[in-house]
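S.K.:
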Amino acid sequence: MTRTMTLGKAINAGLRTAMEDDPKVILMGEDIGRLGGVFRVTDGLQKDFGEDRVIDTPLAESGIIGTAIGLALRGYRPVCEIQFDGFVYPAYDQIVSQLAKMHYRSAGRLTLPVTIRLPFGGGIGAVEHHSESPEAYFAHTAGLKVVACSSPAEANVMIRQAIASDDPVIFLEPKRRYHEKGEVDPEISVEGAFPLHASRVLREGTDCTVVAYGPMVRVAMDAAAAAASESGPSLEVIDLRSLSPLDMDPIFTSVRKTGRMVVVHEAPGTLGLGSELAARVQEECFYSLEAPVLRATGFDTPYPPARVEEHYLPDLDRVLDAVDRCLAH
Amino acid sequence: MAWCRGVDPVRILGTFRGNDQGGWDPADHNFQLYTIVIGAQTLHATGYAMGIAKDGRVGGDDPAKDEAAIVYFGDGATSQGDVNEAFIWSSVFTAPVVFFCQNNQYAISEPLERQTRVPLYQRASGFGFPGVRVDGNDVLATYAVTQDALNKARGGEGPSLIEAYTYRMGAHTTNDDPTKYRIASEVESWKLKDPIARMKSFLIRQQVADNDYFDSVKADADALAAKLRADCLSMPEPAPDSIFDHVYPHGSPELDAQRATFTRYLDSFADAPAGGHR
Ligand SMILES: Cc1ncc(C[n+]2csc(CCOP(=O)(O)OP(=O)(O)O)c2C)c(N)n1
């Protein structure tokens, strides 16, 4: 039975299911208890599961992740909320040097099933540090898995899969989509659902492959619909979903068909996910490519003030512009 | 503080309006930009104060030439590693810095008990410098302890911590909902301790100000508020390509190229029909 939910509520429902299924799952973060988080994603969970399992932490991100590591060593499955993308950096050492490497250092004896929920991306008119896209830092770090959800249905099942995973998972939530609604099947099992670390073709097309993730999936889909309605190019849209590890096969298959690829993300272009995707596609699909792989991304600047963010963020026009340039080759 | 340092309040509103990320020149006002990442500024103030000491501007023959730094943060911030590191650094380097903690008892929804089990001012002694708690709703007492701490810092006695005990009357932001985590009677009891009302009754009781004075203050405040609202609404939209300004002091060829591409892209819309996309 499906239900209509916002993306935020879908994550809330996923957290609830995970907590019901496994008493070792605990939530930690700033203001996640009585307030239910600044985006209300954990709304009502402390009331139902108690302060022992939904923990308002002191205001210290390094402490949140560091103690989550300790709790995981003790057999718990911590799900940490970092309030905004720009506040994950105080925890960077704990994530990159500790969380990511413990399994490797212990020769596989220790696993750290820690999930870090990170509302990411811009478009909400916020002040600085509230709109960033830090995913490449984490995708660059071996030992971490990084995923981004793009719709309520995906969010609900992907958060459960992330929690069930024995790996540390950076779970990216497209904060500007928290209020968008969709059909969710909260009963679908973690094992029965589409796998966590797989990319997915959302719309089939023949002229150009457009790869996006998180908040940009909707933009890519809108661009494809707009192009189709104006008898423009036929776009194949792929939701990357897993940023690390990458699931390249659906992308290779698509590019062999279309001969062209545009990658879309909010993060700055230089050394963003688009760079890696372009490199892999030219390694594997060189003779299928009709044009260079192009990117529609944020610029190589700090995230700008809110009144100009619309110019920073790739939108439908920027995506179609990249597609046009790709097709002009 | 910004007001006391002569920063036009509209410059601050520019940041919250989304026009910029700090619209004044810190050097003009001896007043650093705000730090949104909680607690990070305490280390900056400590380093700045270490610079003051290196420059020989503490404990000199002419006290008028001595300098100090003061840094403000909340009760929640005291949990951050940065703040605790700042305490250590300032202590071992005898930096002329005053840590001013505005303890309004809440960090968004989290009450003080989630950050500490001892009164915050007591933390200072563990780091090796004095801490004092002051009634943060008592304007004159707060002024007095601040002046004293700054004078000690200027005189070469090193850091100190002031815990100004107060209360956050409103919501943290427009997104916050305090009814979820605190009771109305708590807020009501703190209304009676309003620092401005207390200052006003003090001035009346001391007979140093009369109704005409308060009327003129109110008129000034109303006029200022009206001007700020108008100035805020009439702030010009920043230019789209301002995104590329000031990333580096001497620019970068790569960014110049990105800016040029972006400008050409924007220009390509010049003859597009108004409304929809291309
Ligand atoms: C490193 C970091 N984490 C989280 C936040 C989000 N945040 C903004 S204000 C705030 C609470 C601050 O509380 P406190 O230090 O007591 O200061 P107050 O706002 O009450 O003056 C939080 C958690 C932030 N800005 N920076």
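Respectively, the protein sequence lines represent chains A and B. Under this note's numbering, think of the first position of the first sequence as 6, with each following residue one higher. Under this note's numbering, think of the first position of the second sequence as 1094, with each following residue one higher. The beta carbon of each residue, even a glycine, is placed where N, CA and C say it ideally should be. Small disclaimer: the values here were computed from a predicted structure and weren't measured.
Helix, strand or coil: which one does DSSP assign to M6 (chain A)?
M.R.: Note: M6 (chain A) maps to coil in three-state DSSP.
S.K.: Are the beta-carbon atoms belonging to A1120 (chain B) and P1189 (chain B) less than 7 Å from one another?
M.R.: Result no, Cβ atoms of A1120 (chain B) and P1189 (chain B) do not sit closer than 7 Å.
S.K.: What does a CB cutoff of less than 6 Å around A1170 (chain B) pick up in its chain, not counting 5 residues either side in sequence?
M.R.: Around A1170 (chain B): I1131, G1132, V1176.
S.K.: How big is the Cα-Cα spacing for S67 (chain A) and P95 (chain A)?
M.R.: Between S67 (chain A) and P95 (chain A), the C-alpha separation is close to 5 Å.
S.K.: When the Cα atoms are used, what is the spatial distance from S1253 (chain B) to A1217 (chain B)?
M.R.: Their Cα atoms are separated by approximately 7 Å.
S.K.: I need the straight-line Cα distance from I129 (chain A) to F89 (chain A), nearest angstrom please.
M.R.: Taking the straight line joining both Cα atoms gives about 12 Å.
S.K.: Among residues of its own chain, excluding the 5 on either side of R1371 (chain B), which ones have a beta-carbon nearer than 6 Å to its beta-carbon?
M.R.: Because R1371 (chain B) sits at a pLDDT of 44, beneath the cut-off of 50, its placement in the model cannot be relied upon, and the following sentence gives the value as read from the coordinates. Within the same chain, R1371 (chain B) has close Cβ partners A1365.
S.K.: Measuring straight from C-alpha to C-alpha, what distance separates Q166 (chain A) and P1223 (chain B)?
M.R.: Straight-line Cα distance between these residues: approximately 51 Å.
S.K.: Going by the DSSP bridge assignment, what does V1227 (chain B) pair with across the sheet?
M.R.: Answer is B:A1257.
S.K.: Taking the C-alpha atoms as reference points, what is the distance between V1301 (chain B) and F1295 (chain B)?
M.R.: Rounded to whole angstroms, V1301 (chain B) to F1295 (chain B) spans 9 Å at the Cα level.
S.K.: Nearer than 6 Å: is that true of the beta carbon of V1130 (chain B) relative to any heavy atom of ligand 1?
M.R.: Within the cutoff, so yes.
S.K.: Provide the residue(s) that pair with L177 (chain A) in DSSP beta bridges, ordered along the chain.
M.R.: Per DSSP, A:L123, A:A153.
S.K.: Can C1185 (chain B) and I1163 (chain B) be called in contact, C-beta distance under 7 Å?
M.R.: In the sequence on display, residue 1185 (chain B) carries Val and not Cys. It is not a contact, given that the beta carbons lie outside the stated cut-off.
S.K.: Which word fits F199 (chain A), buried or exposed, when buried means at least 16 other C-beta atoms lie within 10 angstroms of its C-beta?
M.R.: So F199 (chain A) ends up on the exposed side.
S.K.: For a contact meaning CB atoms closer than 7 Å, what does H134 (chain A) contact in chain B?
M.R.: Per Cβ cutoff of 7 Å: I1129, V1130.
S.K.: Can you give me the Cβ contacts of G1099 (chain B) inside the same chain, cut-off strictly under 7 Å, excluding the 5 residues immediately before and after it?
M.R.: For G1099 (chain B), where only same-chain residues beyond five positions count, the Cβ hits under 7 Å are H1122.
S.K.: Using a Cβ cut-off of 7 Å (strictly closer), state whether A1363 (chain B) contacts chain A.
M.R.: No, no contact with chain A.
S.K.: Work out the CA separation of P1156 (chain B) and Q1195 (chain B) for me, nearest whole Å.
M.R.: Answer to the nearest angstrom: the Cα atoms are 28 Å apart.
S.K.: Work out the CA separation of D1338 (chain B) and L1106 (chain B) for me, nearest whole Å.
M.R.: Their backbone Cα atoms lie some 20 Å apart in a straight line.
S.K.: Measuring from the CB of L64 (chain A), is there a heavy atom of ligand 3 at a distance below 6 Å?
M.R.: Annotation note on ligand 3: not contained in the displayed structure, which lists ligand 1 as its ligands.
S.K.: Shortest alpha-carbon distance to Q1198 (chain B) belongs to which of B:Y1358, B:D1118, B:D1308, B:G1263?
M.R.: Measuring from the Cα of Q1198 (chain B), the nearest candidate turns out to be B:G1263.
S.K.: Give the DSSP-derived three-state secondary structure of G42 (chain A) in the structure shown.
M.R.: Here G42 (chain A) sits in coil by DSSP.
S.K.: Could you name the residues of the stretch 1262-1274 of chain B whose beta carbon sits closer than 8 Å to any beta carbon of chain A, in the order they occur along the chain?
M.R.: Residues passing the 8 Å Cβ filter: N1268, D1269, D1270, K1273, Y1274.
S.K.: Quick check: is any heavy atom of ligand 1 less than 6 Å from the C-beta of Q1134 (chain B)?
M.R.: No, the beta carbon of Q1134 (chain B) sits no closer than 6 Å to any heavy atom of ligand 1.
S.K.: Which runs of the beta strand (DSSP E) fall wholly inside the stretch 1251-1323 of chain B and span at least 3 residues, in chain order?
M.R.: Those beta strand (DSSP E) runs which fall completely within the stretch 1251-1323 of chain B and span 3+ residues are 1253-1258.
S.K.: Is any heavy atom in ligand 1 found nearer than 6 Å to the beta carbon of A1200 (chain B)?
M.R.: Yes, the Cβ of A1200 (chain B) comes within 6 Å of a heavy atom of ligand 1.
S.K.: Measure the alpha-carbon distance for G113 (chain A) versus G148 (chain A) and round it to whole angstroms.
M.R.: The straight-line gap from Cα to Cα measures roughly 11 Å.
S.K.: Starting from the Cα of V242 (chain A), find the closest Cα among A:S259, A:G274, A:S234 and give me that residue.
M.R.: For V242 (chain A), the nearest C-alpha among the options comes from A:S259.
S.K.: Is the CB of Q1051 (chain B) under 7 Å away from at least one CB in chain A?
M.R.: Chain B is shown only over 1094 to 1371; residue 1051 (chain B) falls outside these bounds and no answer can be derived.
S.K.: If you draw a straight line from the C-alpha of P273 (chain A) to the C-alpha of I256 (chain A), how long is it?
M.R.: Distance between the alpha carbons of P273 (chain A) and I256 (chain A): 22 Å.
S.K.: Are there any heavy atoms of ligand 1 lying less than 6 Å away from the beta-carbon of Q1114 (chain B), as far as the coordinates show?
M.R.: The answer is no for Q1114 (chain B).
S.K.: Would you check whether ligand 1 has a heavy atom nearer than 6 Å to the C-beta of A1170 (chain B)?
M.R.: True, at least one ligand heavy atom lies under 6 Å from that Cβ.
S.K.: Spell out whether any CB of chain B is found under 7 Å from the CB atom of Y317 (chain A).
M.R.: It does: the Cβ of Y317 (chain A) has a partner Cβ on chain B nearer than 7 Å.
S.K.: Could you name the residues of chain C that P220 (chain A) contacts, counting a contact when the two beta carbons are closer than 7 Å?
M.R.: No chain C is present in this structure, whose protein chains are A and B.
S.K.: Contact defined as beta carbons within less than 8 Å: I believe V59 (chain A) pairs with G38 (chain A). What is the distance between those atoms, to the nearest angstrom?
M.R.: At roughly 5 Å, the Cβ-Cβ gap stays under 8 Å, so V59 (chain A) and G38 (chain A) are in contact.
S.K.: Using CA atoms only, rank isn't needed, just tell me which of B:G1152, B:F1166, B:G1167 is closest to E1160 (chain B).
M.R.: Here the closest residue by C-alpha is B:G1152.
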